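A.B. asks:
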Amino acid sequence: KAGVTQTPRYLIKTRGQQVTLSCSPISGHRSVSWYQQTPGQGLQFLFEYFSETQRNKGNFPGRFSGRQFSNSRSEMNVSTLELGDSALYLCASSLRLAGHNEQFFGPGTRLTVL
Amino acid sequence: AQSVTQLGSHVSVSEGALVLLRCNYSSSVPPYLFWYVQYPNQGLQLLLKYTSAATLVKGINGFEAEFKKSETSFHLTKPSAHMSDAAEYFCAVSDQDNFNKFYFGSGTKLNVKP
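The listed protein sequences correspond, in order, to chains A and B.
Residues in the first sequence are numbered from 542 upward in steps of one, following the numbering used here.
Residues in the second sequence are numbered from 23 upward in steps of one, following the numbering used here.
(1) Using a beta-carbon distance below 8 Å, is G569(A) in contact with chain B?
(2) Evaluate contact between the segment 552-565 of chain A and the segment 29-36 of chain B, counting only Cβ atoms and requiring at least three cross-stretch pairs below 8 Å.
(3) Might you give, ordered along the chain, the residues of its own chain that have their beta carbon closer than 7 Å to the beta carbon of V41(B), omitting 5 neighbours on each side?
(4) Just the C-alpha distance for L70(B) and R556(A), rounded to the nearest angstrom, thanks.
(5) If you run the structure through DSSP and keep just helix, strand and coil, what is L624(A)?
(6) Against R596(A), what residues of chain B qualify as contacts under a CB-to-CB distance less than 8 Å, listed in chain order?
(7) Grouping DSSP H, G and I as helix and E and B as strand, with all else coil, what is K135(B)?
(8) Quick one: complete alpha helix (DSSP H) runs, 4+ long, within the segment 76-119 of chain B?
(9) Mapping the DSSP letters down to three states, classify V51(B) as helix, strand or coil.
(10) Check each residue of the segment 71-99 of chain B: if its Cβ is closer than 9 Å to any Cβ of chain A, include it; give the result in chain order.
(11) Does the separation of the CB atoms of Y47(B) and Q24(B) fall below 8 Å?
(12) S606(A) lies in the beta strand (DSSP E); which residues open and close that run?
(13) Tell me, which residues are paired with L32(B) by DSSP?
(14) Output needed for M105(B): all residues of its chain with C-beta closer than 8 Å, excluding positions within five of it in sequence on either side, in chain order.
(15) List, in chain order, every chain A residue whose beta-carbon is nearer than 7 Å to that of E116(B).
(16) If contacts are defined as beta-carbon pairs under 8 Å, then C45(B) and S95(B) qualify, I think. What distance do you get, rounded to the angstrom?
(17) Quick one: is E589(A) near chain B, going by C-beta distance under 8 Å?
(18) Would a C-beta distance cut-off of 8 Å place F591(A) and R571(A) closer than the cut-off?
(19) Would the segment 634-654 of chain A and the segment 113-133 of chain B be scored as touching if the rule is three or more Cβ pairs under 8 Å?
(20) Which residues does DSSP list as the beta-bridge partners of V654(A)?
(21) For chain A, is any of its Cβ atoms less than 8 Å away from the one on K24(B)?
(22) Expressed to the nearest angstrom, what Euclidean distance is found between the alpha-carbon atoms of V51(B) and V115(B)?
(23) With distances taken between CB atoms, is the gap from E589(A) to S611(A) smaller than 8 Å?
(24) Over what stretch of residues does the beta strand (DSSP E) that includes Y590(A) continue unbroken?
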C-alpha cells in the first residue's frame, strides 16, 4: 500500500505571497491532519479534515486554511505569507476509528519564506 | 486539553547501551499513547501505540514502552542501542473522546556514540 504523499517537497516563497500544499492519504484513510513543525515550537496541530469537513482545529490564524476533496486528498493554503511561516508542514492520514486512530505521516513539505 | 512532557531534549548513549526516553502525559483517563521517530528530512514513523490492551507495548526496531497509570508515564526503552537509532523521538497522546486530535511532546534527540 502506498504511503502518504505530499507535494511539493520544497517551496520557496516571498513574504506576502500565498501557497498551496497538497496531501494524498493512504488508500482507505478518510482523515487527514496537518501539522507545522519548527525548531522553536515543535509539532503544532493545524487542523483535521474528515469526509470533506473540518473536524478539529488548532490555534492558528485564519491565514491558514484547508480543504478536503471527495477522494480524501487534502490541500492546505497559507495566505499573506510571513517569515515565521517557514517550517516543515506535515500531513498525516488515519482510519479515524477508536483503537485504530494512529496517524501515518507523509515526508513533509519544506516551506521557506524569504 | 491534553499535554505531553518529554524530559530531556537531548539524550546520548553508547552503542549497545540501554536507551530510555521519558514521556509523561496529563490525563485522569488513560488516553491513547504513541511513540514516533523522525529521521532527518523525513516525516514521522510510528514506533508503537498503547490502546489499553496491554501495559507493555512492543514496537518496531526492538523498542518497547510501558504504560504506568500511577505515574502517568509512557517511557520508551530499547535494551541495546544501535547507531541507526540516532533520530528524534516524539511521544504523542490523544483523548478517548476526541481520539483523532493528537498532542505531541517537544521531542528528544537521541545520539548514539560508537
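Ideal Cβ placement from N, Cα and C applies to all residues, glycine included.
No experiment lies behind these values; they were computed from the predicted model shown.
C.D. replies: Per the coordinate set shown:
(1) Here residue 569(A) refers to the residue found at position 28 of the first sequence. By this cut-off, G569(A) is not an interface position.
(2) Touching, no.
(3) Numbered from 1 along the second sequence, position 19 holds the residue referred to as residue 41(B). Apart from sequence neighbours up to five positions away, the residues of its chain that approach V41(B) with a beta-carbon distance below 7 Å are V35, T99, K100, A103, D107 and L132, ordered along the chain.
(4) Here residue 70(B) is taken as the residue at index 48 of the second sequence, counted from 1. Here residue 556(A) is taken as the residue at index 15 of the first sequence, counted from 1. C-alpha separation (whole angstroms): 39 Å.
(5) The sequence position of residue 624(A) within the first sequence is 83, counting from 1. If DSSP states are grouped into helix, strand and coil, L624(A) belongs with the helices.
(6) Residue mapping note: residue 596(A) aligns to position 55 of the first sequence, counting from 1. The CB of R596(A) comes closer than 8 Å to the CB of N122 in chain B, given here in chain order.
(7) Here residue 135(B) is taken as the residue at index 113 of the second sequence, counted from 1. Here K135(B) sits in strand by DSSP.
(8) Counting only runs of 4 or more, we get nothing.
(9) Here residue 51(B) refers to the residue found at position 29 when the second sequence is read from its first residue. Correct three-state label for V51(B): coil.
(10) Of all residues in the segment 71-99 of chain B, K71, T73, S74 and A75 have a Cβ within less than 9 Å of some Cβ in chain A.
(11) What you label residue 47(B) is simply residue 25 of the second sequence in a count that begins at 1. What you label residue 24(B) is simply residue 2 of the second sequence in a count that begins at 1. Inclusion of Y47(B) and Q24(B) in the CB contact set at 8 Å is warranted, their separation being smaller than that value.
(12) As a working note, residue 606(A) is residue 65 in the first sequence. If you look at S606(A), you'll find it in the beta strand (DSSP E) that goes F605 to Q609.
(13) For the purposes of this step, residue 32(B) is identified with residue 10 of the second sequence, where counting begins at 1. The question names Leu, but residue 32(B) is His in the sequence shown. Within the DSSP secondary-structure output, H32(B) pairs in a beta bridge with K131(B).
(14) For this step, residue 105(B) is matched to residue 83 along the second sequence. The residues are E37, V134 and P136.
(15) If you number the second sequence from 1, residue 116(B) lands on position 94. Residue identity differs from the one stated: residue 116(B) is Ser in this sequence, not Glu. Within chain A, the residues near S116(B) are N642.
(16) As a first step, residue 45(B) must be located in the second sequence, where it is residue number 23. As a first step, residue 95(B) must be located in the second sequence, where it is residue number 73. Their Cβ separation, rounded to whole angstroms, is 7 Å, which keeps C45(B) and S95(B) in contact under 8 Å.
(17) Within the first sequence, the letter at position 48 stands for residue 589(A). Chain B contact via Cβ: present.
(18) Translated into the one-based positions of the first sequence, residue 591(A) becomes position 50. Translated into the one-based positions of the first sequence, residue 571(A) becomes position 30. Their beta carbons are under 8 Å apart, which means F591(A) touches R571(A) by this criterion.
(19) The segment 634-654 of chain A makes contact with the segment 113-133 of chain B, as at least three CB pairs between them are under 8 Å.
(20) One-based indexing of the first sequence puts residue 654(A) at position 113. Looking at the DSSP assignment, V654(A) forms a beta bridge with K554(A).
(21) On the second sequence, residue 24(B) is found 2 positions in, with the first residue counted as 1. At residue 24(B) the sequence reads Gln, which differs from the Lys that was named. Judged by the 8 Å Cβ criterion, Q24(B) is not in contact with chain A.
(22) As a working mapping, residue 51(B) is identified with position 29 in the second sequence. As a working mapping, residue 115(B) is identified with position 93 in the second sequence. Cα-Cα distance, rounded: 12 Å.
(23) Position 48 of the first sequence, counted from the first residue, corresponds to residue 589(A). Position 70 of the first sequence, counted from the first residue, corresponds to residue 611(A). Taking 8 Å as the cut-off, the beta carbon of E589(A) is found no closer than this to the beta carbon of S611(A).
(24) Position 49 of the first sequence, counted from the start, is the residue given in the question as residue 590(A). Following the DSSP letters along the chain, one finds Y590(A) inside the beta strand (DSSP E) bounded by residues G583 to F591.
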